[in-house]
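Contents: one structure, followed by commentary.
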Amino acid sequence: MGQVIGRSIMLVDMLTKGRVQTRAREEMGIAWNQLDPGKWYDCDSTMGAYLRSVDKKLFGSKRGLYEVGKGIVPTTRRLTKVMNRFSDVITALKGMDAAFQMNNRGDDIGGFIIEKASESSMTIRENTHHFFSE
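Under my numbering, the sequence shown is numbered contiguously, ending at residue 261.
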């Protein structure tokens, strides 16, 4: 089973609110103040709790996952200087799999595969363990 680093769980928690956040925290079974940003956690019982909570039509089903996901880069930019390393969007997207691999581990985590890239566009295939089908 894949694992996710605590700081990633904390980032997703920051991007959720209200019932979604409360429900995920309850399902996780770990006291919020006990999460360690540098510790590895089972992905299904932690990050999966947020994905399931967002996906329970509280946020509009899959649309909610999109809304949470689109807040990741701006929030990371606001909280850290890691985004300053990239000169443009294409370069940042090329580093997406490396960032994912640093924050997730296990045989079944998948990743982001760049299928084609140009100066103005990119096609990325994703098969990470953070997404699931019903």
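C-beta atoms are modelled at their ideal positions from N, C-alpha and C, and glycine is treated no differently.
Exercise. Residues bridged to Asn231 by DSSP?
Worked result: Val131
Exercise. Is it a yes or a no for the region 154-168 touching the region 131-143, going by three-plus beta-carbon pairs under 8 Å?
Worked result: yes
Exercise. Beta strand (DSSP E) containing Ala244: first to last residue?
Worked result: Phe239 to Ala244
For this session: Could I get the ranges of all uninterrupted beta strand (DSSP E) runs contained in the region 133-189, with 3 residues as the minimum, in chain order?
Result: 167-169
For this session: From the DSSP output, in three-state form, read off Thr250 for me.
Result: strand
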